[in-house]
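Visitor: One structure is given below, represented as structure tokens, and several questions about it will come after.
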Amino acid sequence: MAPRPAPKHQIAVANLAVALNRQLPPTLAALPEVEVVIQAGFPPTVRAPDVAITSANRYRENPPRVDAGDVLVAVDVLSPGSRRIDRMVKPGEYAELGIPHYWTIDLEEPATRTAHTLVDGAYEPVVESTGIVKLVEPATVTVDVSRLAELKYWD
Numbered sequence: 351m352a353p354r355p356a357p358k359h360q361i362a363v364a365n366l367a368v369a370l371n372r373q374l375p376p377t378l379a380a381l382p383e384v385e386v387v388i389q390a391g392f393p394p395t396v397r398a399p400d401v402a403i404t405s406a407n408r409y410r411e412n413p414p415r416v417d418a419g420d421v422l423v424a425v426d427v428l429s430p431g432s433r434r435i436d437r438m439v440k441p442g443e444y445a446e447l448g449i450p451h452y453w454t455i456d457l458e459e460p461a462t463r464t465a466h467t468l469v470d471g472a473y474e475p476v477v478e479s480t481g482i483v484k485l486v487e488p489a490t491v492t493v494d495v496s497r498l499a500e501l502k503y504w505d
């Protein structure tokens, strides 16, 4: 089990979820730290991406966890305790389950967002960006990754 992330990581996750929810169409929702079922059964195997984009209808159902098939984008903010899992383990699991997009955000200077898209059952890096990032899948949103860890992100 990885240690809980540091405060800057937590602030970045909260800011990202708010930034996404302010811009996503009403049919989509960005959920912070929701459990995603990797393998059903009892007990289920779950992962908790820092943010998962799913349908607003699924959000309104208020499930205790969501199925991987409900996730359009899984996002992980890298931290020392999870960096290896976020870069090596989760992408394989998410790709195997068909999650269309996987993003990682590295807060180390310069803060960077790397987008991966599922192609033929595996993730391919599509773009690596710093600063203000315009995202087009699954909806058009803009996020300043260089400011995500700021307490006053919205100022």
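Under my numbering, the residue at position 40 of the sequence shown is numbered 390, and the numbers go up by one with no gaps.
All C-beta atoms, glycine included, are put in the ideal place defined by N, C-alpha and C.
1) So, with DSSP's three-state summary, where would you put K502?
2) Quick check on the DSSP output: the beta strand (DSSP E) that includes A312 runs from which residue to which?
3) For H451, which residues does DSSP report across the bridge?
4) Helix or strand or just coil, what does DSSP make of A398?
5) Please report how far the alpha carbon of E500 lies from the alpha carbon of A356, in whole angstroms.
6) Just how far apart, CA to CA, sit A406 and A379?
7) Along the chain, where does the alpha helix (DSSP H) that runs through V384 open and close?
8) I believe A367 touches V401 by the beta-carbon criterion, under 8 Å. Please report the beta-carbon distance rounded to the nearest angstrom.
9) Going along the chain, which residues of its own chain have a beta-carbon closer than 6 Å to the beta-carbon of H359, five neighbours each way excluded?
10) Report the rounded CA-to-CA distance for L374 versus R408, giving the unit in angstroms.
Guide: To lay it out plainly:
1) coil
2) The structure shown has nothing for residue 312, since the chain only spans 351 to 505.
3) V423, T467
4) coil
5) 13 Å
6) 5 Å
7) It is not in any alpha helix (DSSP H) - V384 carries neither H nor E in the DSSP assignment.
8) 5 Å
9) V427, S429
10) 15 Å
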